[in-house]
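Numbering that gives the first Met the number 0 puts the first residue of the sequence shown at 0, with every later residue one more than the last. By construction, the Cβ of each residue, glycine as well, lies at the ideal position given by its N, Cα and C atoms.
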Amino acid sequence: MQLITEKLIQDLLSIEQASCLSLYMPTYRNHPDNRQDPIRFKNLLKEMEQSLLQKYSSDETKSFLAPLEEIAENLDFWNHSLDGLAVFSAKGLLELVKLPVTVDELAIAADSFHTKPLRKYLQSTDRYHLLGLSRHEFALFEGNRHSLDEIELSTDIPKTIEDALGEELTDEHLTVAAYGGAGGESNAMHHGHGGKKDQVDLDAERFFRVVAKLVEEHYSKPSGLPLILAALPEHHHLFQKVNKNGALLSDGIQVNPSSIGKEKLAEMAWKVMEPAYLKNLENQAGQFCQAKASGKGTDNYKELAVAAVEGRIGTLLVEADRIIAARITNLVTGNTQKKDMDNPRVDDLLDDMGELVMKMGGKVVVMPPEYMPTDTGLAGIYRY
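Here you go:
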């Protein structure tokens, strides 16, 4: 799966041209259910075509839809789906985002991309990264309370100890034979020049240091997600020793990740993640209550709209699945207007507010209703 970051959304929000095409749909992971996906995709393209024809000629409409038509016919693409799909297309840009959560069907042609479903996923507080680590290789996963999916690492990132250390391997003349251990991790016998176990341990330490730095720089920092380590017990101490990534949780999973199925790994990961998830929700609510008590926060949507356009909101808490039938009508004054929305998924106050706060460099957090510190659907903490 592709890594979903704030930068991706910021890049999408920075594009304003005619016409920006946004498409969302649920997808199936497995055969034969996934045969329905390209059919549903084509149906959404027909909806988008009708919308475009109201403003553009037939030739212009065909030109806008051409990149999406190619996707519809790409069978290999549809054979590797997750639970949802987001597609963004404009002149010179085509972004395909596979989501590990389901989304409602939506096809919009507008002067800017519709990012609310993508932002809702990004801003959910139950997400985490899982590092599956052995002495010889590693894999990285992104998960939430419902699923766990491997991240496709960049081609320039070394995934094995040989790729990471290359000719610097101190045990390059050492032969390691494993007997019976899961994943080749246990009951290893070492033979060769000296047969010294400390050489193998030194290589592992250097490899773990490389992995820790790569994960921190390329994944933890851009995403801000907590990191769970899944590795054999003896590797936890060594990785903690070389790790400088503050996102790493103190508790981990003490098992060789390649020796168990992904469903079991996801179950074990959530047991580690859930306490941190609940603590984070409580902290977010507590920080707002303190800010409001000191005059540095509010749950009044009119006041927050003004603060949003002025760039004064540092953190905005929004209630999951809440719709506020109003919109910001003036991006200079922050004036708002209540409205009746034909399609509340497309345009509501929380969508406007979340987009503005992100554009201004603030943080948006989607909160479950039971942890929301207000009953208005939103709560903001001012920068100043």
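**OP:** Please name the residue in Y276, L377 and H79 whose C-alpha comes closest to that of I322.
**Re:** The sequence position of residue 322 within the sequence shown is 323, counting from 1. Considering only alpha carbons, the answer is L377.
Original post:
What distance in whole Å lies between the Cβ atoms of V214 and N244, which are believed to be in contact at a cut-off of 8 Å?
Top reply: Here residue 244 is taken as the residue at index 245 of the sequence shown, counted from 1. Here residue 214 is taken as the residue at index 215 of the sequence shown, counted from 1. About 6 Å separates the two Cβ atoms, so the contact holds.
Subject >> Spatial neighbours of T335 in its chain, beta-carbon cut-off 8 Å, leaving aside the 5 residues before and after >> reply: Locating residue 335 in the sequence shown gives position 336, counting from the first residue. The residues are Y300, K301, A304, A325, R326, I327, T328 and L348.
**OP:** Give me the Cα-Cα distance between N143 and Y218, rounded to the nearest whole angstrom.
**Re:** Here residue 143 refers to the residue found at position 144 when the sequence shown is read from its first residue. Here residue 218 refers to the residue found at position 219 when the sequence shown is read from its first residue. Distance between the alpha carbons of N143 and Y218: 16 Å.
**OP:** Taking 8 Å as the cut-off, decide whether the C-beta atoms of I14 and L132 are in contact.
**Re:** Position 15 of the sequence shown, counting from 1, holds the residue named residue 14. Position 133 of the sequence shown, counting from 1, holds the residue named residue 132. No, these two residues do not count as a Cβ contact at 8 Å.
**OP:** Answer with buried or exposed for K6, where buried requires no fewer than 16 other C-beta atoms within 10 angstroms of its C-beta.
**Re:** Locating residue 6 in the sequence shown gives position 7, where the first residue counts as 1. It is exposed - the Cβ of K6 has fewer than 16 other Cβ atoms within 10 Å.
Subject >> Which of helix, strand or coil DSSP assigns to Y370 >> reply: Sequence index remark: in the sequence shown, residue 370 carries index 371 (1-based). Here Y370 sits in helix by DSSP.
Subject >> Nearest-angstrom Cβ-Cβ length linking S50 and H113, presumed shorter than 8 Å >> reply: Within the sequence shown, numbered from 1, the residue matching residue 50 stands at position 51. Within the sequence shown, numbered from 1, the residue matching residue 113 stands at position 114. Not quite, the Cβ-Cβ distance comes to about 12 Å (not below 8 Å), so this is no contact.
**OP:** Would you check if there are 3 or more beta carbon pairs closer than 8 Å linking the segment 50–64 to the segment 21–37?
**Re:** Counting C-beta pairs closer than 8 Å gives fewer than three between the segment 50–64 and the segment 21–37, which falls short of the contact rule.
**OP:** Please work out which residues of its chain come closer than 6 Å, Cβ to Cβ, to K362, disregarding the five sequence neighbours upstream and downstream, and give them in chain order.
**Re:** Taking the first residue of the sequence shown as position 1, residue 362 is located at position 363. Cβ contact annotation for K362 (same chain, cutoff 6 Å, sequence separation greater than five): T314, in chain order.
**OP:** Alpha carbon to alpha carbon, how far is V199 from L130? Give it in angstroms, no decimals.
**Re:** Along the sequence shown, read from residue 1 onward, the residue named residue 130 stands at position 131. Along the sequence shown, read from residue 1 onward, the residue named residue 199 stands at position 200. Using only the alpha carbons, I get a separation of about 21 Å.
Subject >> Given Y120 as reference, the closest of G353, D32, P157 and S57 once Cα atoms are compared >> reply: As a working mapping, residue 120 is identified with position 121 in the sequence shown. Ranking G353, D32, P157 and S57 by Cα distance to Y120 puts G353 first.
Original post:
Going by the beta-carbon positions, is the gap between D82 and S146 smaller than 8 Å?
Top reply: As a position in the sequence shown, residue 82 is number 83, starting the count at 1. As a position in the sequence shown, residue 146 is number 147, starting the count at 1. Cβ distance < 8 Å, so D82 and S146 count as in contact.
Original post:
With A211 and D110 assumed to form a contact (beta carbons below 8 Å), what rounded beta-carbon distance in angstroms separates them?
Top reply: If you number the sequence shown from 1, residue 211 lands on position 212. If you number the sequence shown from 1, residue 110 lands on position 111. Taking C-beta atoms under 8 Å as the contact rule, A211 and D110 fail to qualify, at a distance of about 44 Å.
**OP:** Locate the beta strand (DSSP E) running through G131, then write down its first and last residues.
**Re:** Position 132 of the sequence shown, counted from the first residue, corresponds to residue 131. First-last of the beta strand (DSSP E) with G131: Y127 to L132.
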